[in-house]
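Participant: Handing you this structure, nothing more for now.
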Amino acid sequence: KIVLLALFGLTAGQAVVWYTGQFYTLFFLTQTLKVDAQTANLLIAGSLLIGTPFFLVFGTLSDRIGRKPIIMGGLLLAALTYFPIFKGITHYANPALEAAQATAPVAVVADPVACSVQFDPIGKSKFTSPCDVAKAALVKRGVPYANVTSVGAAGSGARVRVGAIEVQSYGSLGSTAKDDAKRFDAELGAALTAAKYPAKADRAAMNIPMLVVLLTILVLYVTMVYAPIAAMLVEMFPTRIRYTSMSLPYHIGNGWFGGFLPTTAFAIVASTGNIYSGLWYPVVIAVVTLVIGTLFVKETKDVDITADIGP
6 KIVLLALFGL
16 TAGQAVVWYT
26 GQFYTLFFLT
36 QTLKVDAQTA
46 NLLIAGSLLI
56 GTPFFLVFGT
66 LSDRIGRKPI
76 IMGGLLLAAL
86 TYFPIFKGIT
96 HYANPALEAA
106 QATAPVAVVA
116 DPVACSVQFD
126 PIGKSKFTSP
136 CDVAKAALVK
146 RGVPYANVTS
156 VGAAGSGARV
166 RVGAIEVQSY
176 GSLGSTAKDD
186 AKRFDAELGA
196 ALTAAKYPAK
206 ADRAAMNIPM
216 LVVLLTILVL
226 YVTMVYAPIA
236 AMLVEMFPTR
246 IRYTSMSLPY
256 HIGNGWFGGF
266 LPTTAFAIVA
276 STGNIYSGLW
286 YPVVIAVVTL
296 VIGTLFVKET
306 KDVDITADIG
316 P
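Its first residue numbered 6, the sequence shown is counted upward by one per residue in the numbering used here.
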């Protein structure tokens, strides 16, 4: 029972906040917003440099007021602010993308039956229907889109609508020749360029100070949930089974709930077309952990971890 409480009431939420703040942000900057790798890594490094000392701050604070309030507070703040923070990151990192989305919205027009959930945790699946090809191409370019149900026959294909321009997709239900692939890529690229969707973020247009502020806030959430976690897990279990007991929820929480974050977030984004929709994964997990942790996990700050060692 305590192991399950530690998993669902502590480490699952801690894991998704950690992975979002330190890993998914880099993916979002480079893959979605098309910030060049050097700039993105320097931004993340700067936020880590500023935020890392707060591991000591919140660890020390947890010794005084308790582990649970710090961790639950971090989960609550993350769940409430992830969406506005990531929208702010878009605004300050790639304002041209934000402007293009407002003036020339993109839509994938397809039969929903022909669209797959592009969840591929081991990198072996192939998504080749016209709908999947169209969505993958847009996600790869970091272009947000809406889903529009096709009025044609089921499985008749898919089209990408960029403003008033439509581009016919290709895939297993149509031609898969290399010339068709080149045709689709060229036409889609031309349509996006005409609609002023940027191929990459303009370094000169970025607001670096504000990006560092927002990324540092995300790192602070990481320090809140992570700084007290080791002490709390140690204090939850008796000495004779402590290592095994705390290892299970910690590694399942971080390895599975945290490790699946990028793949799950990508699948959600590819399905919905909303570049922020992948955040629902960490937000939902954080809220579940917040509720279970608040209601059922006991504070451990004053537990004597040597009480059952014996002479």
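The C-beta atom is built at its ideal place from N, Cα and C for all residues, glycine as well.
Pair every Cβ in the stretch 221-228 with every Cβ in the stretch 109-116, then say whether three or more of these pairs are closer than 8 Å.
Facilitator: The stretch 221-228, when compared against the stretch 109-116, does not touch it at the 8 Å Cβ threshold.
Participant: Under 8 Å by Cβ, that's how I've got Ile310 and Phe13 pegged, so tell me the actual separation to the nearest angstrom.
Facilitator: Actually they do not touch by this definition, with Cβ atoms about 23 Å apart.
Participant: Could you check the C-alpha separation between Arg188 and Glu171 for me, to the nearest Å?
Facilitator: Cα-Cα distance, rounded: 13 Å.
Participant: How many Å lie between Thr305 and Gly71 at the Cα?
Facilitator: Each residue's Cα considered, the two are about 7 Å apart.
Participant: Pick helix, strand or coil for Ile170, following the three-state DSSP scheme.
Facilitator: Residue state, collapsed to three classes: strand.
Participant: Where do the ends of the alpha helix (DSSP H) carrying Val296 lie?
Facilitator: Residues 285-301.
Participant: Just to check, is the beta-carbon of Leu102 closer than 6 Å to a non-hydrogen atom of the ligand FAD?
Facilitator: Absent from the structure shown: the ligand FAD. Ligands present: none.
Participant: Please list the segments of the alpha helix (DSSP H) lying wholly inside the stretch 210-243, counting only runs of 4 or more residues, in order along the chain.
Facilitator: Complete alpha helix (DSSP H) runs here, min 4: 213-231, 234-241.
Participant: Between Gly263 and Ala20, which are expected to be in contact by the criterion C-beta below 8 Å, what is the C-beta distance as a whole number of angstroms?
Facilitator: 3 Å between Cβ atoms; contact.
Participant: Helix, strand or coil for Asp307 per DSSP?
Facilitator: DSSP places Asp307 in coil when its eight states are reduced to three.
Participant: Between the alpha carbons of Ala119 and Lys140, how many angstroms are there, rounded?
Facilitator: Their backbone Cα atoms lie some 12 Å apart in a straight line.
Participant: Please classify Val274 as buried or exposed, where buried requires at least 16 other C-beta atoms within 10 Å of its C-beta.
Facilitator: Buried, since its Cβ has 16 or more Cβ neighbours within 10 Å.
Participant: With distances taken from CA atoms, which of Asp307, Ala104, Ala169 is nearest Met237?
Facilitator: Of the listed residues, the one whose Cα sits closest to Met237 is Asp307.
Participant: Closest to Lys201 by CA distance: which of Glu103, Tyr286, Thr268, Leu31 is it?
Facilitator: The shortest C-alpha separation from Lys201 is found at Glu103.
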